[in-house]
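In the numbering used here, the protein residues as written are 4 to 217.
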């Protein structure tokens, strides 16, 4: 599955990518901001990948200019409650703090809020990471009273808050790259989406330049 927009390409994680992601994830500058901070072995990474659910866990490599620079996800999706969990990290230092993670977030969240039936997503944010806190607030996330650990607080993003908070970001983004979506997914995944009525094809037809079930 690929999603193109704003000059960003989101490539769904496959087994060929997991060793690269493992190396990124084990780097201290990434690991130290995560809730799980133990060293991840190849066996642990493989077990995690095999545990992912095809219709509930969507992890994407973030690519810009054909170079993978980070990871973003909407995972743990509950299609009955129309909710999921999100997060990202940018591996390439030169792109941290740039508009690249914003474009990746807008692309992913727009897809799941507008083309799918999600209306809320949750995120875990390290309380000692003011950059991450401000980033999530700008997207419309609000802190809840829940903590996943002593260091990480839960944040909630509703579709309504997101649309209000990101209006200006969307206006800026459309001048950076093509605002229309180009989406491709394999035919089996497309059929799975249809079977659970998870894909809003009426919305998709108005806002996608290219849509293919390969």
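Backbone N, C-alpha and C fix where the C-beta goes; we use that ideal spot for every residue, glycine too.
Identify, in the order they occur along the chain, each residue of the same chain with its Cβ nearer than 8 Å to the Cβ of residue 134, setting aside the five sequence neighbours on each side.
Along the chain shown, one-based indexing puts residue 134 at 131. If we look at residue 134 and ignore the five residues flanking it on each side, its Cβ neighbours are 100.
Is the CB-CB distance between residue 139 and residue 158 below 8 Å?
By 1-based counting over the chain shown, the position of residue 139 is 136. By 1-based counting over the chain shown, the position of residue 158 is 155. Yes. Within cutoff.
Run through the DSSP bridge pairs and tell me what residue 87 is partnered with.
The sequence position of residue 87 within the chain shown is 84, counting from 1. Residue 87 is bridged to 124.
For residue 162, which residues of its own chain have a beta-carbon under 8 Å away from its beta-carbon, when the five flanking residues on both sides are left out?
Locating residue 162 in the chain shown gives position 159, counting from the first residue. Result list for residue 162: 116, 121, 122 and 123, in chain order.
Between which two residues does the beta strand (DSSP E) carrying residue 1 extend?
Residue 1 is absent from the structure shown; the chain starts at 4 and stops at 217.
When the Cα of residue 199 is compared with those of 84, 75 and 108, which residue comes out closest?
Here residue 199 corresponds to residue number 196 of the chain shown, with the count starting at 1. The shortest Cα separation from residue 199 among 84, 75 and 108 belongs to 84.
Taking the alpha carbon of residue 182 as the point to measure from, which residue in 88, 71 and 173 has its own alpha carbon closest?
As a first step, residue 182 is located in the chain shown; it is residue number 179 there, counting from the start. Per the Cα distances, 173.
Got a sec? Which residues, its chain only, sit under 6 Å from residue 58 by beta carbon, not counting five neighbours each side?
Here residue 58 is taken as the residue at index 55 of the chain shown, counted from 1. Cβ neighbours of residue 58 beyond the five flanking positions: 195.
Taking the straight line between their C-alpha atoms, what separation do you get for residue 53 and residue 75?
By one-based count along the chain shown, residue 53 stands at place 50. By one-based count along the chain shown, residue 75 stands at place 72. Whole-angstrom Cα-Cα distance: 18 Å.
Span of the beta strand (DSSP E) holding residue 39?
Reading the chain shown from its first residue, position 36 is the one you call residue 39. That residue, residue 39, is in no beta strand (DSSP E); it is neither H nor E in DSSP.
If we call anything under 8 Å between Cβ atoms a contact, is residue 92 one with residue 15?
Sequence index remark: in the chain shown, residue 92 carries index 89 (1-based). Sequence index remark: in the chain shown, residue 15 carries index 12 (1-based). Contact: no.
DSSP three-state call for residue 116: helix, strand or coil?
Taking the chain shown and counting its residues from 1, the one referred to as residue 116 is at position 113. Helix at residue 116.
Under a three-way DSSP split, which group does residue 81 fall into?
As a first step, residue 81 must be located in the chain shown, where it is residue number 78. Residue state, collapsed to three classes: strand.
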